[in-house]
Amino acid sequence: MSKSIGPDVKNLMKILLQNMSSYFSHDYLNSEGRKLFEEMARMLIYEHPEYKPIIQKTRRNPTLSNVLKIAHIVLGEEAEKLLSW
1 MSKSIGPDVK NLMKILLQNM SSYFSHDYLN SEGRKLFEEM ARMLIYEHPE
51 YKPIIQKTRR NPTLSNVLKI AHIVLGEEAE KLLSW
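First residue of the sequence shown: 1, per UniProt numbering; consecutive thereafter.
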């Protein structure tokens, strides 16, 4: 991560990962998960436009694996810690 990610983006991603059972259905974002993801994505693109392609890919195909790719960008190794508990 060459640039810092804002705390709001990090907090929204943490919420999404910590409450996966509420925001994912069959490994896809559900409607509530999409709302949270979209809010986080808008902020991330505003701060770092270079991440727009991966955000667009995840918007088209909102699978758990695509969301985790963004989580690794936003949270780094902390994403793994949140998933392992």
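Every residue gets a Cβ at the ideal spot worked out from N, C-alpha and C, and that includes glycine.
Check residue i in the structure and name its three-state DSSP category.
i          : result
residue 4  : coil
residue 48 : coil
residue 80 : helix
Buried or exposed: residue i, going by 16 or more other Cβ atoms within 10 Å of its Cβ?
i          : result
residue 26 : exposed
residue 15 : exposed
residue 71 : buried
residue 33 : buried
Going by DSSP, what residues sit across from residue i in a beta bridge?
i          : result
residue 29 : 24
residue 63 : 28
Self-check item: Stretch-stretch touch, CB-based, cutoff 8 angstroms, three pairs: the region 6-21 with the region 51-59
Solution: no
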